[in-house]
Every structure is written in C-alpha cells, then in structure tokens.
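In the numbering used here, the protein residues as written are 91 to 284.
In structure tokens:
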C-alpha cells in the first residue's frame, strides 16, 4: 500500500475509472447541484461551480494520505463524460480496512454502471492494496445504493438505528456492510460467479 504513488486508471466495458481532476468540475456540478443526489449520501447540494471546484481540490489534497486512499472519477466511455465518483475513505492501515463511497449522476441510474465501477475497484483494493476488509453503508432512504451494495456481494453487518439526521430534521437508519478478503479470494461474490 505504501509503495502506491498515485491512483491507477481502471478500465471496464463501459467506463473508465481515473483519479478525480479539476477538469471534472462542470460534469460534477451538473449532478451535485441536484436535490436527489447529495442528501441521499449526507451532503448538501452544491450551490455553485466554485464550490464544486473547491471540493475537487480537497479530494485531490486528501489522496493517498494516512487516512484516505482517494476518489476515482467515473467516465462513461460512450460520451467521455464524468458521471460520478467512487472513493475509498477512512483508511486504517493497522486494521487494513477502508470504506467505500460512491455517487452517480441520476441520468445514468438503473444501467448497472455503479455495480460495474465497484466490481472494478474491489480487485484493486484486495490484490494491489493488500487490504483485508472493505466497508460500505447506506441510509435506509437510499434503496438504489442498497441494490448496488447487494449486487456487489457485501454482507449486512448491522443497522445503526436513527443515527442519521436529515436536512428536514427527521432521522433515518444507517445500514453497514463489508466484504472480507477471503470472500473475494474464494470467489464468493455474486459477480465473480458469472
């Protein structure tokens, strides 16, 4: 893990995963300003393209640090448009764990693109980074995210009841999942059996 100097570019059938870049600013703002995107993951819609630019700069500054791996842009090959991100955060080198997070432009929901992105990241996480446990979670209001998590083979570990306070002051549950290295190595994940 310590010998990795930058995030790689990973290519699958329909998408390219590459380190996030300031050139993604307009494409990210296109979806990050929408009311049905950020609040489903715990952040407010972006108010300006300048805000998006600053957030991308922060993501770049936090890449490959002691507690963070980094953020990949998801680029749709057909249009070469940046349509979302997949990030690996909350790195704990001693425990060999990190947390997966992702966002996708709603114009591309329901096409299996996020499952394609996540199942490209998982082998890199275990094989190249040598980590042991990949964690992920979703709010109970976010059923699209739940479907991605299940299709990628994460195991539900528990529910933090009413842990999340939403913008309207209501509360929702946070569901927590993981994949272990031996599950990946033993081809126990649903997408490995195709």
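Beta carbons: idealized from backbone N, C-alpha and C, even for Gly.
Give the DSSP-derived three-state secondary structure of residue 153 in the structure shown.
coil
Per DSSP, which residues does residue 158 bridge with? Please list them.
155
How many angstroms separate the CA atom of residue 269 from the CA atom of residue 204?
17 Å
If you count every other CB in all the chains shown that lies within 10 Å of the CB of residue 162, and 16 or more means buried, which is it?
Classification of residue 162: buried, given that the 10 Å Cβ count is 16 or more.
Could you give the C-beta distance for residue 245 and residue 265, rounded to a whole number, given that I count them as a contact under 8 Å?
The pair is not a contact, with the Cβ atoms about 11 Å apart (cut-off 8 Å).
Looking at the structure shown, is residue 163 part of a helix, part of a strand, or coil, going by DSSP?
strand
If you measure between the beta carbons of residue 216 and residue 271, is that distance less than 9 Å?
yes
Can the beta-carbon of residue 142 be found closer than 9 Å to that of residue 170?
No, these two residues do not count as a Cβ contact at 9 Å.
Alpha carbon to alpha carbon, what distance is there between residue 253 and residue 261?
Roughly 7 Å separates the two Cα atoms.
Compute the distance between the beta-carbons of residue 165 and residue 124, then report whether it is under 9 Å.
no
Going by other Cβ atoms of all chains shown within 10 Å of its Cβ, with 16 needed for buried, is residue 235 buried or exposed?
buried
Rounded to whole angstroms, what's the CA-CA distance from residue 104 to residue 167? Just pull it up for me.
6 Å
Sufficient close CB pairs (3 or more, under 8 Å) joining the stretch 133–147 to the stretch 198–213
Below 8 Å, too few C-beta pairs join the stretch 133–147 and the stretch 198–213 to call them touching: fewer than three.
If you follow the alpha helix (DSSP H) that residue 170 is part of, which residue opens it and which one closes it?
Neither: residue 170 is in no alpha helix (DSSP H) and is coded neither H nor E.
Are the CB atoms of residue 193 and residue 267 within a distance shorter than 9 Å?
In this structure, residue 193 does not lie closer than 9 Å to residue 267 by Cβ.
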